[in-house]
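A short write-up of the structure that comes next.
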Amino acid sequence: MISTTNVSLRYGKRVLFEDVTVKFLPGNVYGLIGANGAGKSTFLKILSGEIEPNTGSVEMPAGQRLAVLKQNQFAYDDQEVLKTVIQGHQKLADVMREKDALYAKYDAGTATDADGERLGVLEGEFADMEGWDAEYKAAELLSGLGITEDKHYSLMADLGASEKVRVLLAQALFGNPDVLLLDEPTNNLDAESVLWLENFLDNFENTVIVVSHDRHFLDAVCNYMADLDFSKITMYPGNY
Ligand SMILES: Nc1ncnc2c1ncn2[C@@H]1O[C@H](COP(=O)(O)OP(=O)(O)OP(=O)(O)O)[C@@H](O)[C@H]1O
Ligand SMILES: [Mg+2]
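Dropping the structure here:
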């Protein structure tokens, strides 16, 4: 679940949002619609915390995790494909990195007692986040999106544009986020991947908010429409 209370935002004289109070509940896929420039992308950035509203607040239950489909295709160029997907769950990726660094100290014979204690804590967190399944789950998402196993250890920089888009989609979906924000997820996606995504969202039990110009896609996945108009958001049950 994610909600807003009295969110307002203006750029200069242009009022994008005025006292927007909405709630997005789990089990639903919300299609956020509105005219070009109405503020759909900006609203998603407010929800994710990338943009601070002028007034009001965004609330999510403690301990829940939000994931966003990244728009910058070049952000992970120096990383391996599989690791890029796992990076979608930042905390898990951080724990894995720190664990690897500490085990490397053991291999080098330079580990201290404090390192051992820290490793114990990290292994506990790793298990709680189902870390043992991470690589398998990431590979499964990639394969579902047509990124074959021979590419899972390639660098992102070595992938074509359409492949990168699919890896970033897998990254957003990875690790069962509580709230998933997708801005134009079908852009540069082949028909087969669009179908795969429709099926994935059908089976997804948490909260999804999606912006798309593709009406067929919205009809296929959404069970609520959130209409952004005149600086307000109005919810309608049903699809486009
Ligand atoms: N940082 C900024 N400073 C000033 N104006 C901005 C800024 N970011 C966005 N805007 C303006 O805010 C409005 C909403 O932009 P936004 O990208 O959120 O719209 P959108 O609904 O996603 O549009 P589209 O359908 O074209 O994707 C636009 O008029 C845009 O020019
Ligand atoms: Mg936009």
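When you line the sequence shown up against the working numbering, it's residues 700 to 939, in that order.
We put the CB at the ideal spot given by N, CA and C, even for glycine.
Quick caveat: nothing in here was measured; it's all calculated off a predicted structure.
Opposing strand residues paired with residue i [DSSP bridges]
| i | result |
| --- | --- |
| LYS931 | ASP928 |
| PHE716 | LEU708 |
| ASP882 | VAL910 |
| PHE723 | ILE701 |
| THR754 | SER707 |
| PRO936 | TYR923 |
| GLU779 | LEU854 |
| ILE732 | ASP926 |
| ALA766 | LEU879 |
Proximity to residue i [Cα-Cα], best of the options
| i | options | result |
| --- | --- | --- |
| SER892 | VAL780, LYS863, TYR923, ALA766 | LYS863 |
| LEU841 | HIS912, ILE750, ARG914, PHE899 | PHE899 |
| VAL780 | ASP849, THR704, ARG709, MET924 | ASP849 |
| ALA792 | LYS712, SER740, TRP831 | TRP831 |
| LEU879 | LEU708, ASN727, ASP718 | ASN727 |
| VAL909 | MET924, ALA813, TRP895 | MET924 |
| PHE916 | VAL719, ILE732, GLU749 | ILE732 |
| HIS912 | GLU717, ASN735, LYS712, ARG709 | ASN735 |
| THR906 | ARG764, PRO936, LYS804, VAL866 | ARG764 |
| ASP814 | GLY874, GLY823, TYR802 | TYR802 |
| ARG709 | SER747, GLY748, PRO752, TYR729 | PRO752 |
| TYR787 | ASP926, LEU867, THR885 | Sequence check: residue 787 is Gly here, not Tyr. That would be LEU867, whose Cα lies nearest to the Cα of GLY787. |
CB-CB length for residue i against residue j, believed under 8 Å
| i | j | result |
| --- | --- | --- |
| VAL767 | ILE701 | About 12 Å; that fails the 8 Å criterion. |
| MET855 | GLN778 | 6 Å |
| VAL794 | ALA837 | Contact flag wrong, Cβ pair sits at about 15 Å. |
| ALA737 | ASP928 | 7 Å |
| GLN772 | ALA860 | 6 Å |
Cβ of residue i within 7 Å of any chain C Cβ
| i | result |
| --- | --- |
| PHE723 | Chain labels in this structure do not include chain C; a single protein chain is all it has. |
Check: residue i C-beta below 6 Å from any heavy atom of ligand 3
| i | result |
| --- | --- |
| SER756 | Ligands present in the displayed structure are limited to ligand 1 and ligand 2, and ligand 3 is not among them. |
Item to check | Heavy atoms of ligand 1 versus C-beta positions, residues under 5 Å | outcome: TYR710, ASN735, GLY736, ALA737, GLY738, LYS739, SER740, THR741
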